[in-house]
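Reviewing the structure listed below.
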Amino acid sequence: MRKIYILPVITALISLLLYGPLFPANAVPKGNAIQATAIDIDKDGKPDVVYYYDDKYITMAEADTNKDGRADVRVYTRNGKFKSAEADTDYDGKADKEFSNPDDFDAWLNQNNPGYEDYLNRPNWEKTLFSF
Ligand SMILES: [Ca+2]
Ligand SMILES: [Ca+2]
77 MRKIYILPVI
87 TALISLLLYG
97 PLFPANAVPK
107 GNAIQATAID
117 IDKDGKPDVV
127 YYYDDKYITM
137 AEADTNKDGR
147 ADVRVYTRNG
157 KFKSAEADTD
167 YDGKADKEFS
177 NPDDFDAWLN
187 QNNPGYEDYL
197 NRPNWEKTLF
207 SF
């Protein structure tokens, strides 16, 4: 009984020594894994926009426009094009405005958050067009 229990532990320890941990902390999944990059627009040390992306496209962008540490504008894309956007205009953590038309979203951004226009309203969300 005891031998049966110990053998797999020893085997695991030996393979750990030989091959390293099964799930090393720095193992970055390949393929279409979603990654994220935070951008600090106003250089105050806190991220204002976070881009989520796969190998090809930014799939989602979110912005914290009132600097409370929570995202309040989100843009969703599909195949590199605008899909929809939502905004939490009273900053209660719930989206209260939705956009399905990029022009409507652009007009709203222009009026309410002009500083974020270049970051959130893109005609093309291909990852290669971003400089990170
Ligand atoms: Ca900032
Ligand atoms: Ca916010």
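Start counting the sequence shown at 77; every next residue gets the next number (the working numbering).
Just so you know, even glycine gets a beta-carbon here, dropped at the ideal spot from N, CA and C.
Using DSSP's beta-bridge definition, name the partner residues of residue i.
{"i": "Lys157", "result": "Arg154"}
{"i": "Tyr129", "result": "Gln111 and Ile134"}
{"i": "Glu202", "result": "Tyr133"}
{"i": "Glu162", "result": "Arg150 and Glu174"}
{"i": "Ala139", "result": "Val125 and Val149"}
With burial defined as no fewer than 16 other Cβ atoms inside 10 Å of the residue's Cβ, what is the status of residue i: buried or exposed?
{"i": "Glu193", "result": "exposed"}
{"i": "Arg146", "result": "exposed"}
Rounded to the nearest angstrom, how far is the Cβ of residue i from that of residue j, given a contact under 8 Å?
{"i": "Val149", "j": "Asn189", "result": "7 Å"}
{"i": "Asp182", "j": "Asn197", "result": "5 Å"}
{"i": "Tyr152", "j": "Ala161", "result": "7 Å"}
{"i": "Tyr195", "j": "Ile110", "result": "With 8 Å as the limit, Tyr195 and Ile110 do not qualify as a contact, their Cβ atoms being about 19 Å apart."}
{"i": "Ala139", "j": "Asp120", "result": "The Cβ separation is near 14 Å, so there is no contact."}
| said: With a threshold of 8 Å, are at least 3 pairs of Cβ atoms found where one atom belongs to the segment 128-135 and the other to the segment 171-178? | reply: no
| said: Using only Cβ atoms and a threshold of 5 Å, which residues come within that distance of a heavy atom of ligand 2? Order them by chain position. | reply: Asp140, Asn142, Asp144, Arg146 and Asp148
| Closer than 5 Å from C-beta to any heavy atom of ligand 1: which residues, in chain order? | Asp116, Asp118, Asp120, Lys122 and Asp124
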